[in-house]
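Undergrad: Using the numbering used here, the letters of the sequence shown map in sequence onto residues 300 to 528. Got a structure for you, questions after.
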Amino acid sequence: MAQQFSTLHTDIQSDAIPTCICEKSLAEKAEKGCLRCAQNLGGVAPMIGLTGSVAVYQWKTGAMAAAAQKGIKAGIATAIDVLKKNLGLETLYGYPVQKIITAKTFDKPMFFVEGVMMKYNSIECTLETTGENSVLCFYKDIPRINPVIAVTQNARTVAIKAGEECAKITAEEILSAETASIKLYTAIAYSVTAVLVIVLVMVIIYLILRYRRKKKMKKKLQYIKLLKE
């Protein structure tokens, strides 16, 4: 037993300890890290595209609804303005125009024709007539012109101009929403592309590290084989 212990070498240096196991472990960790990152990012890319597209679609739907509401609001304001300017009326059907003109009535010609004619037939005009009835009384006193036709045409004009303004504002808002949504979709596409590029780079790095590790291991195995021979 003493002879066996005496034959053992006690001058073992630190550089004599095999390092292939340690190097292999570090190399494998680097490879697995790159591969794991690539896998995680590869799973994130579709989610970015899907959730981003859904979010943009929902935003666009809301923007379209808001565009329609802005158009209606503009149409109502135009109807009130034209009714006051062309016919001088502050009330219709016995109610203030701000209350009686709504989203359901602002672009309806017959609503204004009937309301204005009701007002026209109910007023009594004198030389001293002023206020909101003065314009209708002016039409009554115009010679050689059919006052009913003139009043009816002006009443119809209120609805026509209101409808045109509504359509104009709605179209402008929709165009703005469409443009914004295209930009958002483009940004999402760029983000997905950037993630995919990163994934590709990580895969390439993984393949390079794997190739280099295998090459090193192959050389070491060959060296060990030569030493044994």
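Ideal Cβ positions, reconstructed from N, Cα and C, are used throughout, including at glycine. The model shown is predicted, which means the values in this text are computed figures rather than measured ones.
#1: Three or more beta-carbon pairs under 8 Å between the segment 397-407 and the segment 491-498, yes or no?
#2: Entirely within the segment 426-455 and at least 4 residues each: give me those alpha helix (DSSP H) ranges in chain order.
#3: Measure the alpha-carbon distance for residue 416 versus residue 352 and round it to whole angstroms.
#4: By Cβ distance below 6 Å, which residues in the same chain neighbour residue 392 in space, the five residues on each side in sequence not counted?
#5: Rounded to whole angstroms, what is the Cα-Cα separation between residue 374 and residue 367?
#6: Are the CB atoms of residue 431 and residue 388 nearer to each other than 9 Å?
#7: Mark residue 468 as exposed unless 16 or more other C-beta atoms lie within 10 angstroms of its C-beta, in which case mark it buried.
#8: Tell me where the alpha helix (DSSP H) around residue 399 begins and ends.
#9: So who's on the other strand from residue 390, going by DSSP bridges?
#10: Taking all protein chains shown into account, decide if residue 464 is buried (16 or more other Cβ within 10 angstroms of its Cβ) or exposed.
#11: Contact defined as beta carbons within less than 8 Å: I believe residue 466 pairs with residue 362. What is the distance between those atoms, to the nearest angstrom?
#12: Are residue 449 and residue 411 closer than 9 Å when you measure CB to CB?
#13: Take the Cβ of residue 521 as the centre, count every other Cβ of all protein chains shown within 10 Å, and call the residue buried at 16 or more, exposed below.
#14: Return the first residue and the last residue of the alpha helix (DSSP H) that residue 413 is part of.
#15: Please state the DSSP three-state secondary structure of residue 424.
#16: Candidates 482, 372, 435 and 456: which alpha carbon is nearest residue 390's?
#17: Using the three-state DSSP reduction, which class does residue 460 fall into: helix, strand or coil?
TA: This is what the structure gives:
#1: No: the two stretches stay apart, fewer than three of their Cβ pairs being nearer than 8 Å.
#2: If we require 4 residues or more, the alpha helix (DSSP H) runs fully inside the segment 426-455 come out as 433-440.
#3: What you label residue 416 is simply residue 117 of the sequence shown in a count that begins at 1. What you label residue 352 is simply residue 53 of the sequence shown in a count that begins at 1. Those two C-alpha atoms are separated by around 53 Å.
#4: Here the question's residue 392 lines up with position 93 in the sequence shown. Closer than 6 Å at the Cβ level, and outside the excluded window around residue 392, lie 399 and 414.
#5: The residue you call residue 374 lines up with position 75 of the sequence shown. The residue you call residue 367 lines up with position 68 of the sequence shown. One alpha carbon belongs to residue 374, the other to residue 367, and they sit about 10 Å apart.
#6: To locate residue 431, count along the sequence shown from 1; it is residue 132. To locate residue 388, count along the sequence shown from 1; it is residue 89. In contact: residue 431 and residue 388 (Cβ atoms closer than 9 Å).
#7: As a first step, residue 468 must be located in the sequence shown, where it is residue number 169. It counts as buried.
#8: The residue labelled residue 399 in the question sits at position 100 within the sequence shown. Counting along the chain, residue 399 sits inside the alpha helix (DSSP H) bounded by residues 396-399.
#9: Position 91 of the sequence shown, counting from 1, holds the residue named residue 390. DSSP lists 395 as partners of residue 390.
#10: Numbered from its first residue, the sequence shown carries residue 464 at position 165. Around the beta carbon of residue 464, 16 or more other beta carbons lie within 10 angstroms, which makes this residue buried.
#11: Taking the sequence shown and counting its residues from 1, one reaches residue 466 at position 167. Taking the sequence shown and counting its residues from 1, one reaches residue 362 at position 63. Contact flag wrong, Cβ pair sits at about 17 Å.
#12: Position 150 of the sequence shown holds residue 449. Position 112 of the sequence shown holds residue 411. Between residue 449 and residue 411, the C-beta gap is not smaller than 9 Å, which leaves the two residues out of contact.
#13: Within the sequence shown, residue 521 is the residue found at index 222, counting from 1. The residue is exposed, with fewer than 16 neighbouring Cβ atoms inside 10 Å.
#14: In the sequence shown, the residue the question calls residue 413 occupies position 114. Taken as a continuous stretch (DSSP letters only), the alpha helix (DSSP H) holding residue 413 covers 408-421.
#15: Your numbering for residue 424 matches position 125 in the sequence shown. Three-state DSSP puts residue 424 in coil, outside helix and strand.
#16: Sequence index remark: in the sequence shown, residue 390 carries index 91 (1-based). Comparing Cα-Cα distances from residue 390 to each of 482, 372, 435 and 456, the minimum goes to 435.
#17: Residue mapping note: residue 460 aligns to position 161 of the sequence shown, counting from 1. Looking at residue 460 - three-state DSSP - the assignment turns out to be helix.
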